[in-house]
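Take a look at the structure below.
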Amino acid sequence: IANYLNQNSTLTTLGIDPNSPAYGNYSVVSFIVNAAFEQTLDEARPTYFYVEQLLHRGVNALIYVGANDWICNWIGNLRWVRALEYGDDTFGSTMHEFSGDQEGLDKLREWGGVLEDGGEWEKMGMTARKGGLTFATIDGAGHTAPYDKPMESLELLKRWLDGKEL
Numbered sequence: 167i168a169n170y171l172n173q174n175s176t177l178t179t180l181g182i183d184p185n186s187p188a189y190g191n192y193s194v195v196s197f198i199v200n201a202a203f204e205q206t207l208d209e210a211r212p213t214y215f216y217v218e219q220l221l222h223r224g225v226n227a228l229i230y231v232g233a234n235d236w237i238c239n240w241i242g243n244l245r246w247v248r249a250l251e252y253g254d255d256t257f258g259s260t261m262h263e264f265s266g267d268q269e270g271l272d273k274l275r276e277w278g279g280v281l282e283d284g285g286e287w288e289k290m291g292m293t294a295r296k297g298g299l300t301f302a303t304i305d306g307a308g309h310t311a312p313y314d315k316p317m318e319s320l321e322l323l324k325r326w327l328d329g330k331e332l
């Protein structure tokens, strides 16, 4: 990905000034940048409180992860998603009794589809949903799921944005 982002055509498309020190200088990891963030106490922080509050305000959320991501593995992501508090319970502990829906984050199921004309249905990952929260994995993808599995990632995002079932 670094080679692609450092190409002149990509930099021009992104509008990067050729005189900028950033021009052609993209790297996936920069320990210098990381150290600068740490010096100002601008470090990684838990975001699940923000996700809970967005859901309380009626904002839908999609949490997705590559099934082969060893940095932010899907099991750990599912655990924090299931522990979110929303309404009178946690997301992973109950189903919607009032409507008869069998949705809940304790009910992982396969999602997939046909990506090519004339192709066959294929499993693309696992998913669960409750209310405005959708959790999904993308099979065969790592930490950069859209880079590893672009067609599957796009299909996931399009369906979610269109309000369709995964």
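Numbers 167 to 332, taken from our numbering, label the letters of the sequence shown in order.
Virtual Cβ for every residue (Gly too), placed ideally from N, Cα, C.
Model, not experiment: these values are computed from the prediction.
Buried versus exposed, by CB contacts within 10 Å (16 or more), residue i
i, result
"Ile304", "buried"
"Asp208", "exposed"
"Gln268", "Per-residue confidence for Gln268 stands at a pLDDT of 44, beneath the threshold of 50, marking its modelled position as unreliable; no derived number is given."
"Gly266", "Any reading at Gly266 needs caution, since the residue's pLDDT is 42, under 50, leaving its predicted position unreliable; the model's value is listed next. Classification for Gly266: exposed."
"Trp236", "exposed"
Identity of the residues DSSP links to residue i by a beta bridge
i, result
"Ala294", "Phe301"
"Tyr189", "Per DSSP, none; premise fails for Tyr189."
"Arg275", "Thr293"
"Ile229", "Phe301"
"Glu288", "Gly279"
Residue j beta carbon less than 8 angstroms from that of residue i
i, j, result
"Gly278", "Lys289", "yes"
"Met292", "Glu276", "yes"
"Tyr313", "Ile167", "yes"
"Asn169", "Gly190", "no"
"Tyr252", "His222", "yes"
"Ala307", "Leu322", "no"
"Gly232", "Ala311", "yes"
"Lys273", "Ala294", "yes"
Any non-hydrogen atom of the ligand ZN closer than 7 angstroms to residue i Cβ
i, result
"Trp240", "No copy of the ligand ZN appears in this structure; indeed no ligand is present at all."
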